[in-house]
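Asks: Structure in structure tokens, see below.
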Amino acid sequence: MTWRAEAGAATHVGMVRDGNEDAMLVEAPLYVVADGMGGHQGGEVASALAIRTLAATLRTRRSGASGLIASIEEANAAVYERQQLDRALAGMGTTITAAFLDDDGLHLGQVGDSRAYLLRGGALRQLTDDHSLVSEMVRSGEITAEQARTHPQRSMLTRALGIDKSVRVDAFDVELEDGDRVLLCSDGMTAIASDDEIADLLRAGDDPTTTAEELVALANRVGGPDNTTVVVLDISEDPTTATAGGGSS
Ligand code: MN
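FYI, in the working numbering the residues of the sequence shown are 1058 to 1306.
Put into structure tokens, the structure is as follows:
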């Protein structure tokens, strides 16, 4: 079975920030969101360099979740080495949430607090765990998910690309169903909108591009305090490879 995705994406600087340090890639079968951080141009450099490195190394690998992990490790090394060379970029880093589509389904790789969600049968499920201080506090029961969204230290990451020589990457596979809708997004989306608000827009059934624009508009309508980036994927079986009624494929 081969899967295809109709993709829509949007990114916006928001209503407060001067620059957009988020970056994204929509280049079938690879879809990525990265949220950079760091002074000067560091954030923009980190997110763009990480995505470029990931895409370039994955192109030579293309082997499921393990290939994705290795490519994200390469991206980590590239950002780390770059800031060793350029003092002005010291302290930069980036999140990364990458989705790679192949015959097995969806492979996800992630570091940081950008997220992947799956909308199936009208229900929204967060696929990734945030690597952030507040999400650890939620997991340990110290605070609620609602409190995490307004916590003063909500942007404190416990894992990011480019900070250390090596990084631990979360990677896993998602079995797909026809009609699945996948969302990748930076925290500019999830810090400002609840899962219910996000699910409502995803369920409305507009095409992926319109949906992505509506999600970004929602974040900006409620203040747009951060850069917001979203990628929406509508998953379907490739009709040229789907088997019909047990017949030939
Ligand atoms: Mn952000």
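Even glycine gets a Cβ: it sits at the ideal position worked out from N, Cα and C.
Going by DSSP, which residues form a beta bridge with residue 1137?
Replies: Answer is none; residue 1137 lacks a bridge partner.
Asks: For the ligand MN, is there a heavy atom less than 8 angstroms away from the beta-carbon of residue 1101?
Replies: No, since every heavy atom of the ligand MN falls outside the 8 angstroms radius drawn around the Cβ of residue 1101.
Asks: When a residue counts only if its C-beta is closer than 6 angstroms to some heavy atom of the ligand MN, which residues count, in chain order?
Replies: Result: 1092, 1243, 1244, 1245, 1283, 1284.
Asks: Quick one: what does DSSP say residue 1218 is sitting in, helix, strand or coil?
Replies: Strand.
Asks: What is the rounded straight-line gap between the Cα of residue 1069 and the Cα of residue 1100?
Replies: The alpha-carbon atoms of residue 1069 and residue 1100 are separated by roughly 15 angstroms.
Asks: Can you confirm whether the stretch 1190-1202 touches the stretch 1128-1138 when touching is taken to mean that 3 or more C-beta pairs between the two stretches lie within less than 8 angstroms?
Replies: They do not touch, by the three-pair rule.
Asks: Spatial neighbours of residue 1302 within its chain, please: C-beta separation below 8 angstroms, excluding the five flanking residues on both sides.
Replies: Low confidence applies to residue 1302: its pLDDT is 48, below 50, so where it sits in the model is not reliable enough to give any reading.
Asks: Mind checking whether residue 1287 and residue 1214 have CB atoms under 9 angstroms apart?
Replies: No, these two residues do not count as a Cβ contact at 9 angstroms.
Asks: Which one or two residues does DSSP pair with residue 1162 in a beta bridge?
Replies: According to DSSP, which records beta bridges pairwise, residue 1162 is partnered with 1159.
Asks: Can you round the beta-carbon distance between residue 1153 and residue 1231 to whole angstroms, since I take them to be within the 8 angstroms contact cut?
Replies: In fact, because the Cβ distance is near 17 angstroms, the residues do not count as touching under 8 angstroms.
Asks: Tell me whether residue 1130 is buried or exposed, calling it buried when 16 or more other Cβ atoms sit within 10 Å of its Cβ.
Replies: Burial call: buried.
Asks: Buried or exposed: which applies to residue 1207, given that a residue is buried once 16 or more other Cβ atoms fall within 10 Å of its Cβ?
Replies: Classification of residue 1207: exposed, given that the 10 Å Cβ count is below 16.
Asks: Taking the beta strand (DSSP E) that residue 1292 belongs to, which residues open and close that run?
Replies: Segment 1285-1294, the beta strand (DSSP E) holding residue 1292.
Asks: Among 1253, 1076, 1061, which residue has its Cα nearest to the Cα of residue 1203?
Replies: Checked all of 1253, 1076, 1061; the closest Cα to residue 1203 is 1253.
Asks: Buried or exposed for residue 1128, please, with buried defined as at least 16 other CB atoms from any protein chain shown within 10 angstroms of its CB.
Replies: Buried, because 16 or more other Cβ atoms sit within 10 Å of the Cβ of residue 1128.
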